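Here's the structure we're looking at; comments come further down.
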Amino acid sequence: MTNHWNDFKNADVFLIMGSNPASNHPVSFKWIQDAVERRGAKIICVDPRFTQSASRAHLYAPLRSGTDIAFLGGMIKYILEKQLYHLDYVLNYTNASFLVNPAFKLPGQNGGVFSGLKDGKYEKDTWTYQTGADGVIKKDKTLQDPNCVFQLLKKHYSRYTPELVSRITGTPKEKLIEVYKLYGSTGKPNKAGVELYAMGWTQHTVGVQNIRAMCIVQLLLGNMGIAGGGIAAMRGESNVQGSTDHGLLFHIWPGYLSVPTGALTTLALYNEKQTPKTKEKDSLNWWKNKPKYVASFLRSMYGKNMTLDESYNALPKIDDGANYSWLMIFDQMYKEKFTGFFAWGMNPACSGAHSNKVRQALGKLDWMVNVNLFDNETGSFWRGPGMDSAKIKTEVFMLPCASSVEKEGSIANSGRLQQWRYKAIPYYGDSKPDGDIMSEIFFKVRDLYAKQGGPNAAAITKLTWPYGKYIGKEFHYEPRKVAAEINGYFLEDKKMENPTKKGEFKEFKKGDLVPTFAWLQDDGSTSSGCWVYCGSVDKEKGILPMRRGQADPTGLGLYSEWAWCWPLNRRIIYNGASVDLSGKPWDPSRAVIKWDAKEEKWKGDVPDGVGNPGKGRPPFIMKPDGVASLFGPGLADGPFPEHYEPLECPVERNLLSPQKNNPAIKRFDKKGVGSDLDKYSGVASCDPRFPFICATYRVSEHWQTGVLTRWCPWLAEMQPGMFVEMSEELAKMRGIKTGDKCTVSSARGEVECTAIVTPRFKPFEIDGNTIHEVGIPWHFGWITTKDRTYNSGDKKAEVFTTGDSANLVTPTIGDANTMIPESKAFMVNVVKKGVK
Amino acid sequence: MNVSRRGFLKISGAVAAVSGLGINLTPISAHAQELKIKYAKETTTVCPYCSVGCSIIVSVRDGKVINTEGDPDSPINRGALCSKGGSIYQMAVNENRLGKPLYRAPFAREWKEVDWEWALDKIAHNIKKSRDKSFKTANAKGEVVNRCEGIASVGSAAMDLEECFTYQKFLRGLGLVYIEHQARI
Chain A
1 MTNHWNDFKN ADVFLIMGSN PASNHPVSFK WIQDAVERRG AKIICVDPRF
51 TQSASRAHLY APLRSGTDIA FLGGMIKYIL EKQLYHLDYV LNYTNASFLV
101 NPAFKLPGQN GGVFSGLKDG KYEKDTWTYQ TGADGVIKKD KTLQDPNCVF
151 QLLKKHYSRY TPELVSRITG TPKEKLIEVY KLYGSTGKPN KAGVELYAMG
201 WTQHTVGVQN IRAMCIVQLL LGNMGIAGGG IAAMRGESNV QGSTDHGLLF
251 HIWPGYLSVP TGALTTLALY NEKQTPKTKE KDSLNWWKNK PKYVASFLRS
301 MYGKNMTLDE SYNALPKIDD GANYSWLMIF DQMYKEKFTG FFAWGMNPAC
351 SGAHSNKVRQ ALGKLDWMVN VNLFDNETGS FWRGPGMDSA KIKTEVFMLP
401 CASSVEKEGS IANSGRLQQW RYKAIPYYGD SKPDGDIMSE IFFKVRDLYA
451 KQGGPNAAAI TKLTWPYGKY IGKEFHYEPR KVAAEINGYF LEDKKMENPT
501 KKGEFKEFKK GDLVPTFAWL QDDGSTSSGC WVYCGSVDKE KGILPMRRGQ
551 ADPTGLGLYS EWAWCWPLNR RIIYNGASVD LSGKPWDPSR AVIKWDAKEE
601 KWKGDVPDGV GNPGKGRPPF IMKPDGVASL FGPGLADGPF PEHYEPLECP
651 VERNLLSPQK NNPAIKRFDK KGVGSDLDKY SGVASCDPRF PFICATYRVS
701 EHWQTGVLTR WCPWLAEMQP GMFVEMSEEL AKMRGIKTGD KCTVSSARGE
751 VECTAIVTPR FKPFEIDGNT IHEVGIPWHF GWITTKDRTY NSGDKKAEVF
801 TTGDSANLVT PTIGDANTMI PESKAFMVNV VKKGVK
Chain B
1001 MNVSRRGFLK ISGAVAAVSG LGINLTPISA HAQELKIKYA KETTTVCPYC
1051 SVGCSIIVSV RDGKVINTEG DPDSPINRGA LCSKGGSIYQ MAVNENRLGK
1101 PLYRAPFARE WKEVDWEWAL DKIAHNIKKS RDKSFKTANA KGEVVNRCEG
1151 IASVGSAAMD LEECFTYQKF LRGLGLVYIE HQARI
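So the sequences go chain by chain: A and B. Read left to right, the first sequence gives residues 1 to 836 (this note's numbering). Read left to right, the second sequence gives residues 1001 to 1185 (this note's numbering).
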C-alpha cells in the first residue's frame, strides 16, 4: 500500500476492483465506512460477482474476469477526453511531457503488439526517450508533440471506446460511463480517490499491467501521495509485506536489491550495472545510493569474516534471463531436478496452481522438510487422494513450529507498518519457534562443512549468526537481536558528516545502531540486513515497532507513534507529490505535509522526496528521472497496458487487436517447456468441454489453504466445505439446485463442490454471446475431511470440512513479469455429480 | 508489552472520548470483562491472518490462554476483529496442533514420532548430500555462479520478519536460488 488502512477515512471515492475487502480484509471497512458516514464518500465496486463489498457500494458494475485493462483503458480515455486530469500534477510529477523515440510503435498500429517483439520477448530499443546532446530527456511542456508520452497515451487508449469496452467486458455501457464519471471526479485537487486491489488483479497473465493501468489513472487524477489517495495493494498474509521486503523470492535480496546474475562477475560490476543514473539536473535519484545498501547487506550476511568482494562472490548467482519462480520450482521438481525441498510455513499441495502437478512433483523428491502448526496436505501428500504410499520414495520430516502467541517478533502489514508481537504462552508440546528450528539446522550443516568441507564451504561456515544462545542442548533464537541486525550497526568507529545537514558531524562507535539508511556506507563500515528497515531500532527508544503512542496531531490518522513504518516511519509514500511546486498542499484540508517557513522544515508526515519549496526537485525520487511513469518501459510486456485475453478464455478473438493473449508470457504448453501435465483448454479456439469462466476467491472465515482455520471448529462450522457459486441461469441450464453435489472440472483436474446458487453471479453478454462465470473458494483440503483414512496417532479435526483444493483445476500459466499464476480467469465445466 | 488492565482502560477510555470510534467501555461491560479475565496476565499480539494488522489482547492464566479480544488501543482496529481474528483463541488452544516432529520413511505408510535431535541431524545430512551433489560453481557460459541447484524452498510469510531475514540468510548461504513464497501466488 502506498498509504495505510487508517487513511481510508480520508478518501472521497473508493474503487474496489480486483478485491473484496468486506470479506477478506473485513476491518478495513471500519475506515471505508467512516469515510462514507463522515465525508459522504462513495464506494464503487467492479467485480464479476456481486460481492459483500459490492453490497456496501453506491455503484456496482459487473465485468468478465480478465478484462480489467479494457475497463480501465476506457477510463483513461474518458479522463483524457473530458479533461478530468489534474494538469499541474501530470505536467510536473509524471513523464507526460517526455518525448519518446519516434520509432516506438503502439499496438494499434503494429498488429496488437508493441514494437520490438521477437520470439515471445520484447527487445526494448525503441522503448526509449529522445535525449539532447547533454543526455537530458527532451520534453514538450505543452504536451502537443505527437511523440510525447501524453499524446501517445491518448492515441493508445483512443481505441478503448465505451462500445468496444462493453463488448469485451460485458459491463453495460451506461455503467461504464457512471463509474468513469464518478471516479474521474477525483481529478480535482481537493478530491481524493483510492483504489483497492488484491489477488483479483495479480492472478492474471496481465496482472502487473492491471495495476499499471490503475497507476496511470491515479497519476492522471493526481491521487498519488495524497491523503485518501494512493493504491492499496491489500496483501493476503499478515507478514507477506515483510517476507517480500526481506527477499524470500528468487529475484531480490532484502530491500529490493536485484539478485546478481553470473554475468555480473564482481561487486564493482554489479554496482555499475545496477545503480540507476540520471542526467536530469533536479532529480535526486535515490537509488544512486544502492551500493551502500548492497555493501551493508553483504556485511549483514558475513560481517567481517570476509571482504565485501569475497561476500559477493560467495553468494549464489542466477543466469541471465532465467526464471526460478514458483511455477518453475514445481515444474523442475516434477522433472526430478531437485532432491531436497523445504515447504516452510506453506502448504503448496493446496496453494499451488495445478495442485495435481504439485502433488505429483512432491513424490519425485528424495526428501522434504515441512514446518507447520498442523498436519497438512503437503506434509502428508504421500497418503493423499490417489496416492499409493508404498510407491512414493520421498522421505518427509514434518516439524511442529510455535504459533504467533507462543514467541515474539514482528510482522509488517499492508501499510508497511511493522508491529511487535509478544510471547503469551509456552510452546505447544515439543514445538519450537521457526527461528530456533532454522538455527539448529544451520548449526548442524555448518558443523558438517567445517569438518568435512565441500564446494564453496566458506559461504556456509563464515555466515554470521549472533542471534541467541544455548540453554542446555537447545538453541534459543533471539528476535530482538535480529531486529537490530536488520536495522544495522556500525562495524567500526566513525566520524561522519550528517548526510542531510551539511557541516554537522556525528561520531559513532563500533556497534552503534545506524540511525537511518542515509548513514549507511558502501565501504564496509556499516551492516544492515534490509536497508528499508534502517531506523526501526533506536539507540535510546529501543525497538520502535513496539510503540503504542496514540498521538495524531494532523487528524489524518497517521498515528506516527504507533509502531513503526518503513521507510523512515513515513506513513504515506510519495507524499512530496501532495504539494504543488511552491510547497502548498493541493488540498489544505488534508495536508499530509506542510512547510513551516519559520523553522524551515516540513511538518506532518515524514516528507518524501520533496526538497525545500520552490527548489524544483521532482518528488518521485525512487525513479531515476524523478517523476512517475505514465510511460513505463521497465516491464516485460509493454510501456502501456494493453488488453489481452486470459490464456483460457471464452471468446474466439481479442476484439481490440489480432493478438489474442499477452505475447510475452511463458507458455508451458509450448514444446519443450512444460510437462505432460500442463494442459489447457480454449487457447486457440473456444473449447465446448469447458464452457464456463471460473475464478477462485476467499471467504471471511478461512485463511489461504485453510491450513490453520480448518482446524478451528468455530470457523469450520461457519464455512464447512468446498462449494461452487453459480448464477440462477446457469443452475437452471445444468439442472442444479443449491446443496447439490457438483463436479467442477478443467483440462487439469476436477474438484467436488456443493452448489450454491445465487443471484450474485449474472451471465455476461459478450459480443452477442451469453457467457457464464462461476466462483470457487480455495480454502479446503482433504486432510480435515471425515472420510479419509486415519491412522492411529493422526489428529482429527473437531469439525470436519468437505472437499479439496480449488487449485486442482487452476492453470500453470503466469503473468509476463511476475509469473503469478492466472487463477482468476480460466475455463471449467460444472455438472451435477455423476452427470457425464 | 504488558498492559495492565487499569492502564489499558485508562488509555482506551481517553481515546474513546477523543475519537468516538466505536468503543463502548461502559462501567458495566468493563466490569463483566474483568471478571472473565481476573488475575490474568495480558500481552498483545497481532492477528496472524490477513494483512490489516489488527491488534489482539491475549489473556493468560496459569500458562493458558483464557481469552482473546480486539485491542481498543490499536488505531487500526480499535478493538474490532473479524471472524478469523475473533477465533484466535482456538488457534492458541488447540489439541490438534502438531506436538512432536514426525518422520515418514521412504515408501512408508505411516508417520513415526521422532525426537528433534535425530530429525535435525538427518535433515542436515540430507542437505549436505543434496547440496554437494548439485552444487554448480560455474554455469554453461563459464561464469562463477556458486549455486546449489538440487534444493528448492518455499516459505514463508507466516514467519516473523526476523525469521524471514534469518531464513533467507540460511538459504542463500547454502547457495539456493530456487527461493520463493506466498508473495508469488
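All C-beta atoms, glycine included, are put in the ideal place defined by N, C-alpha and C. All of these numbers come straight from a predicted model, not from anything done at the bench.
| Query | Result |
| --- | --- |
| CB contact flag (Leu15/A, Tyr180/A, <7 Å) | no |
| Test: Ile1179/B CB closer than 7 Å to a CB of chain A | yes |
| Contact between the region 1063–1073 of chain B and the region 254–271 of chain A (3+ Cβ pairs under 8 Å) | no |
| Touching by the beta-carbon criterion (3+ pairs, under 8 Å), the region 393–404 of chain A and the region 214–222 of chain A | no |
| The region 505–537 of chain A: positions lying closer than 7 Å to chain B by Cβ | Gly529, Cys530 |
| Residue from Thr810/A, Pro567/A, Trp595/A, Gly74/A whose Cα sits closest to the Cα of Phe517/A | Pro567/A |
| Within chain B, partners of His476/A - CB distance below 7 Å | Neighbours of His476/A on chain B: none; closest Cβ ~13 Å, over 7 Å. |
| Chain B contacts made by the region 756–779 of chain A, where a contact means CB separation under 9 Å | none |
| Per-residue DSSP class, three states only, for Asp538/A | strand |
| Unbroken stretches of the alpha helix (DSSP H), 4 residues or longer, contained in the region 391–462 of chain A | 434–452, 458–461 |
| CB contact below 7 Å: Glu1069/B versus chain A | no |
| Distance between Gly614/A and Ile1158/B (C-alpha atoms, nearest Å) | Per the sequence presented here, residue 1158/B reads as Ala, with Ile not at that position. Approximately 46 Å, taken between the alpha carbons. |
| Contact with chain A by Tyr1039/B, beta-carbon distance below 7 Å | no |
| Beta-bridge partners of His476/A, as assigned by DSSP | Lys469/A |
| Beta strand (DSSP E) runs contained entirely in the region 319–384 of chain A, provided each spans 3 or more residues | 340–344, 367–372 |
| Test: Gly262/A CB closer than 7 Å to a CB of chain B | yes |
| DSSP state of Ile1185/B mapped onto helix, strand, coil | coil |
| Neighbour flag for Pro1101/B against chain A, beta carbons, 7 Å | yes |
| Ser1055/B in three-state terms, based on DSSP | strand |
| C-beta atoms of Trp1116/B and Pro1101/B nearer than 7 Å | yes |
| Integer Cβ distance of Ser842/A from Phe690/A, believed to fall under 8 Å | Missing from the structure shown is residue 842/A; chain A here goes from 1 to 836 and no further. |
| Residues that His246/A contacts on chain B, provided the C-beta gap is smaller than 7 Å | Leu1161, Cys1164, Phe1165, Gln1168 |
| Asn413/A at chain B interface by Cβ criterion, 7 Å | yes |
| Chain A contact for Arg1005/B (CB, 7 Å cutoff) | Confidence in Arg1005/B is poor, its pLDDT being 43 and thus under 50, which makes the residue's placement unreliable; the coordinate value appears in the next sentence. No, no contact with chain A. |
| Sequence-distant residues of its chain with Cβ nearer than 8 Å to Val1046/B (five each side left out) | Gly1053, Cys1054, Ser1055, Ile1056 |
| Thr802/A (DSSP reduced to helix, strand or coil) | strand |
| Sequence-distant residues of its chain with Cβ nearer than 7 Å to Gly409/A (five each side left out) | Arg421, Pro479 |
| Proximal residues of chain B, C-beta to C-beta of Lys444/A below 7 Å | Leu1120, Asp1121, Ala1124 |
| Proximity test, Cβ basis, 7 Å: Ile1057/B and chain A | no |
| Interface flag, Phe250/A vs chain B, CB-CB below 7 Å | yes |
| For Glu1180/B, the residue or residues it bridges with in DSSP | Val1154/B |
| Other residues of its chain near Gly706/A: CB distance less than 8 Å, five sequence neighbours each side excluded | Cys350, His779, Phe780, Gly781, Thr784, Thr801 |
| Cutoff 7 Å: Ala1017/B Cβ touching any chain A Cβ | Interpretation of Ala1017/B is limited by its pLDDT of 37, a score under 50 that renders its predicted location unreliable; no figure is taken from the coordinates. |
| Secondary structure of Glu123/A, DSSP reduced to three states | coil |
| With 16 other Cβ atoms within 10 Å as the buried cut-off, status of Asn791/A | exposed |
| Extent of the continuous alpha helix (DSSP H) run through Arg299/A | 290–302 |
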